[in-house]
């Protein structure tokens, strides 16, 4: 009986939200990643924006897609930004059902931050990927001939996603004690604009896969709703440009490097 009630509520919620889809005029994805320039020369930040509009014909189109590079110049003090349009001259249409499914997922909490859901979406980790992380971590023993067997064992276990369940539990964001980072950023903001109203969704990618989503209704940032649901990432990839930064941060394989760090730190 309990399961039936929950299913009924979810279906009702999906139907109710689907009814308001007709009023959506624009969806904006804005992603940015970077750090304080610290007066060092070169690029210190990148951002990307993708806009999807829906006209009176109720057809969704990708109407704007660009990236911005933020640089401190060659002297670390001459700040500039370079905007590059990624849009093509060809109109890109988006299936209305893909948008509807994504809207349902970002508004429906699901407990799928689990091994059974995540692992099938991960590609095999290569020895090169493990070695790159070990080098960054300065794990000298990993490359020492005297630790040849230990290295083989570590590679085998990492490629088999040993203790992936523990990794997911330990790295899942704690909404009661949120991480505050002051000198760098890695975040996504989504705005769903309906007539004169806007619903905003924020994700921080210092945590795996940008979960959870923080939803703010009517641009009221004093109250929030928390949504955990990895299907939101998958459904967004159905219509986002595959070469986009946003597509890549949504990809499940983006957690592989985090996992390698976690494993080598704990077990090697």
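In our numbering, the protein residues as written are 66 to 333. Don't be surprised by glycine CBs; every beta carbon is placed ideally from N, CA and C. This one's a predicted model, so the numbers in the text were calculated from it and none came from an experiment.
*Taking the CB atoms as reference points, tell me whether residue 96 and residue 310 lie closer together than 8 Å.*
yes
*Assign residue 103 to one of two classes, buried (16 or more other C-beta atoms within 10 Å of its C-beta) or exposed (fewer than that).*
exposed
*Straight-line CA distance for residue 270 to residue 323?*
11 Å
*Which partner residues of residue 96 appear in the DSSP bridge assignment?*
Bridge partners of residue 96: 113 and 253.
_Distance check for residue 124 and residue 165, CA to CA, integer angstroms please._
If I take the Cα positions, the gap works out to 12 Å.
*Between the region 130-141 and the region 108-118, do at least 3 Cβ pairs fall closer than 8 Å?*
yes
*Have a look at residue 190 and residue 321 and give me their C-alpha separation to the nearest angstrom.*
Straight-line measurement puts the Cα of residue 321 at about 7 Å from the Cα of residue 190.
*How many whole angstroms separate the CB atoms of residue 296 and residue 177, which I take to be in contact at a CB cut-off of 8 Å?*
Right, the Cβ-Cβ distance comes to about 7 Å (below 8 Å), so this counts as a contact.
*DSSP three-state call for residue 177: helix, strand or coil?*
coil
*asked:* Below 8 Å, how does it come out for the region 222-241 and the region 266-286: are there three or more Cβ pairs, yes or no?
replied: yes
*Terminal residues of the alpha helix (DSSP H) in which residue 162 lies*: 161-171
*Is residue 204 near residue 329, with beta carbons less than 8 Å apart?*
yes
_Within the region 246-329, ranges of the beta strand (DSSP E) (whole runs, at least 3 residues)_ = 249-259, 262-269, 278-281 and 290-292
*Any idea which residues DSSP pairs residue 126 with across the strands?*
Paired residues: 118 and 158.
*Do the region 185-199 and the region 276-294 meet, that is, are 3 or more Cβ pairs less than 8 Å apart?*
no
*Hey, how far is the Cα of residue 312 from the Cα of residue 299?*
9 Å
*Identify the continuous beta strand (DSSP E) that holds residue 147 and give its terminal residues.*
Unbroken beta strand (DSSP E) run through residue 147: 145-150.
*asked:* For residue 260, count the other beta carbons within 10 Å of its own beta carbon; 16 or more makes it buried, fewer makes it exposed. Which is it?
replied: exposed
_Quick check on the DSSP output: the alpha helix (DSSP H) that includes residue 230 runs from which residue to which?_
229-236
*CA nearest to the CA of residue 306, picked from 126, 278, 173 and 230*: 126
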